[in-house]
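Numbering (my numbering), first residue to last: 267 to 541.
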Ligand SMILES: [Ca+2]
Ligand SMILES: [Ca+2]
Ligand SMILES: [Ca+2]
């Protein structure tokens with residue numbers, strides 16, 4: 267009898283462990299702070315998103331494309347759709363959730379009480395919208411709109427949210443660019459030690475890749491893109507986790523240097539010649 271209970275207990279523990287280890291199959295941006303994972307560097311209080319899962323489900327095999335193809339749906343408005351990437355956050359309490367467990371990058375304290383992370387839409391293409399279909403529902407369809415990730419996190423006791431991206435067709439380039447900020451941070455005191463600094467912007471693109479060199483995505487290669495290239499100049503840790511410095515490392519060799527500048531300059535010239 268004892269053996270029977272022992273085996274049953276073992277099975278239950280095993281099933282619970284497997285459940286805890288199960289990761290969401292959909293892609294997510296993972297919200298965090300202290301991107302380099304080390305204390306005492308410039309990014310210790312700076313927000314970021316980990317992009318390791320960005321474009322994972324972009325084709326028949328993982329990471330087939332550097333964009334998400336939108337799929338045709340049964341809906342007549344915005345008939346092309348995709349239910350990822352969502353948002354999640356690094357955490358320091360569940361080592362089994364491997365994608366999100368990183369105590370060095372987790373935000374400290376209670377969401378909406380100690381910090382309030384706002385996801386702000388900096389720019390987006392027309393004919394696209396980003397919809398949170400679960401409660402509390404909201405739609406982002408214009409630049410300048412935003413949502414309070416910490417509010418949903420607090421409400422559900424879970425930082426894991428899904429988004430639906432909906433476009434008018436499956437051919438044209440669609441994009442949405444976000445950045446994160448902590449609404450509790452004092453804008454007049456960027457070094458406020460108790461709150462977080464805004465993230466750099468990050469984008470997700472659909473249907474096709476933007477032109478190399480179109481870094482601040484707007485289908486133009488211009489001064490704003492040059493400023494973006496300058497910001498990351500000579501940085502040498504480009505990887506999937508930062509989407510190769512948001513595509514500034516154009517040839518994805520890990521380094522932002524003259525090769526990337528040459529590609530940028532060529533496309534800038536081509537666009538000027540077409541004008
Ligand atoms: Ca750091
Ligand atoms: Ca641009
Ligand atoms: Ca490069």
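Where is the CB? At the ideal position from N, CA and C, for every residue including glycine. Only a predicted model underlies this, so the values are computations on that prediction, with no experimental measurement involved.
Could you tell me whether the region 468–483 touches the region 501–516, using the rule of 3 or more Cβ pairs below 8 Å?
yes
Quick one: complete alpha helix (DSSP H) runs, 4+ long, within the region 373–423?
415–422
Tell me, please, whether the region 485–495 touches the region 518–537 by the rule of three or more beta-carbon pairs shorter than 8 Å.
yes
CB of residue 300 to nearest heavy atom of ligand 1: below 8 Å?
yes
Nearest to residue 415 by alpha carbon, out of 474, 408, 289, 444?
444
Take every Cβ of the region 306–325, pair it with every Cβ of the region 415–435, and state whether three or more of those distances are shorter than 8 Å.
no
Are there any heavy atoms of ligand 2 lying less than 8 Å away from the beta-carbon of residue 481, as far as the coordinates show?
yes
Residue 348 in three-state terms, based on DSSP:
strand
Run the CB neighbour count on residue 500, radius 10 Å, all protein chains shown included, and call it buried at 16 or more, exposed below.
exposed
Taking 8 Å as the cut-off, is the C-beta of residue 509 nearer than that to any heavy atom in ligand 2?
no
Confirm the yes/no value for this check: CB of residue 536, any heavy atom of ligand 2, distance under 8 Å.
no
At a cut-off of 8 Å, is residue 310 close to ligand 5 when judged by its beta-carbon and the heavy atoms of the ligand?
As far as ligands go, the structure on display features ligand 1, ligand 2 and ligand 3 and does not contain ligand 5.
Reference residue 460, options 401, 336, 380, closest by Cα
380
Euclidean distance between Cα positions of residue 512 and residue 468
6 Å
Using only the alpha-carbon positions, how far apart do residue 452 and residue 464 sit?
11 Å
DSSP on residue 465, reduced to helix/strand/coil?
coil
Tell me whether the region 428–445 and the region 381–391 touch, counting them as touching only if at least three CB pairs, one residue from each stretch, are closer than 8 Å.
yes
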